[in-house]
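Comments concern the structure below.
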Amino acid sequence: MEQVLKVEKRDGWHKLVLNRPEKLNSFNEALHAALYAALGEATDAADCRAILLTGEGRGFCAGQDLGDRKPGEAPDLGNTLERFYNPLVRRIRALPKPVVCAVNGVAAGAGANLALACDIVLAAKSARFIQSFSKIALVPDSGGTFMLPRLIGEARAKALMFSAEPLPATTAAEWGMIWQAVDDDRLTLEAENLTARLAAQSTEGLARIKQALEASHGNTLDAQLDLERDLQRSAGRSADYAEGVRAFMEKRPPRFGQKSE
């Protein structure tokens with residue numbers, strides 16, 4: 001049976017590798033199910049404090065595997081989104097642990113927007129991001145119409161979505177769409193080192209930051225100030241905060257991971 005997703009459990013974090021390289025890691029139902037389950041397992045695993053998502057081979061993800069479609073059929077693509085892509089994006093955004101994405105090659109369609117759903121995105125300098133939907137008369141999905149204009153502005157987002165032109169990783173980094181574009185031969189090392197560093201930080205603390213940023217999209221300033229107050233109150237009562245202060249006073253690295261009081 002095809003192993004569509006490779007799960008590597010490292011010291012404090014999980015590496016999830018999309019593994020359909022002959023199809024540029026495009027999604028079929030099996031890959032959807034495997035990735036959704038692996039993210040759930042990572043959420044529940046006490047020894048997993050961060051996740052790295054990447055792809056096998058020369059591409060990150062080419063979006064939907066159109067080979068799954070029957071010629072001449074009129075599929076219910078809304079149902080496809082509701083069953084597969086939307087739950088996947090929601091799980092990544094709500095996951096109470098940092099998710100790093102290493103885009104190792106082309107990221108097209110839903111594959112590009114899946115990457116943007118992650119918390120920190122690094123890409124090989126040779127990688128390209130393509131909002132390819134307009135080429136087949138579709139609407140950008142998987143959160144693309146939400147995330148892309150917030151990251152790079154409506155003018156650039158609209159141009160990319162209308163034209164379906166590939167965006168080089170270096171330009172994506174310059175525009176603030178991703179965190180960094182790195183040399184191809186250093187992508188894996190840089191992404192793994194970053195994930196390991198995040199795994200050594202306070203998982204609870206990072207989860208609160210993620211919660212605050214996610215809420216800020218729809219909040220007024222007053223609502224966001226109230227949320228910051230509430231999250232900070234909770235953070236100040238946590239074991240991780242107490243350990244962080246002790247470590248600072250004792251001039252040593254903190255050892256996070258204790259349960260909150």
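Take the sequence shown: its position 9, counted from the start at 1, is 9 in our numbering, and no numbers get skipped.
Ideal Cβ placement from N, Cα and C applies to all residues, glycine included.
If you're wondering where the values come from, they're calculated on a predicted model, not measured in any experiment.
Scanning its chain for C-beta atoms nearer than 7 Å, with the 5 sequence neighbours on each side dropped, one finds around Gln-3 the residues Asn-19, in chain order.
Of the candidates Glu-8, Leu-31, Tyr-85, Asp-185, the residue whose Cα lies closest to the Cα of Ala-127 is Asp-185. The DSSP-derived three-state label of Ala-127 is coil. Between Phe-60 and Gly-105, the gap from beta carbon to beta carbon is short of 8 Å. Counting C-beta pairs closer than 8 Å gives fewer than three between the segment 237 to 257 and the segment 210 to 226, which falls short of the contact rule.
The shortest C-alpha to C-alpha distance from Ala-50 to any of Gln-232, Pro-254, Ala-207 is the one to Ala-207. Rounded to the nearest angstrom, the gap between the Cα atoms of Lys-125 and Glu-174 is 12 Å. Between the C-alpha atoms of Thr-220 and Asp-226 there is a straight-line separation of about 10 Å. Between the C-alpha atoms of Asp-65 and Ala-46 there is a straight-line separation of about 34 Å. Taken in chain order, the complete alpha helix (DSSP H) segments of 4 or more residues contained in the segment 106 to 150 are 110 to 117.
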